[in-house]
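Numbering (this note's numbering), first residue to last: 25 to 102.
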């Protein structure tokens with residue numbers, strides 16, 4: 025039974041590392057798009073990514089005309 029637990033632990037560790045790498049990559053992309061470095065993306069900042077620009081309104085969950093990192097993450101993780 026112990027080898028089975030080790031395999032599960034190893035698998036969870038690998039997936040956790042992959043998730044961290046993905047979220048780090050998304051944060052880096054967000055920072056590159058956020059030209060004024062205020063922590064939000066406006067529609068004009070999103071224009072450098074045509075797919076994001078065209079779907080901007082659907083990811084702006086709180087309808088404040090800007091995307092937070094969490095809102096952008098919904099787009100970037102798809």
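Built from N, CA and C at the ideal position, the CB exists for glycine as well.
The model shown is predicted, which means the values in this text are computed figures rather than measured ones.
Judged by beta-carbon spacing, residue 93 lies within the 8 Å limit of residue 51, meaning their Cβ atoms are closer than that value. At a Cβ-Cβ threshold of 8 Å, residue 79 and residue 99 count as neighbours.
Taking 8 Å as the cut-off, the Cβ atoms of residue 85 and residue 95 count as close.
As the crow flies, the alpha-carbon of residue 60 is around 20 Å from that of residue 87.
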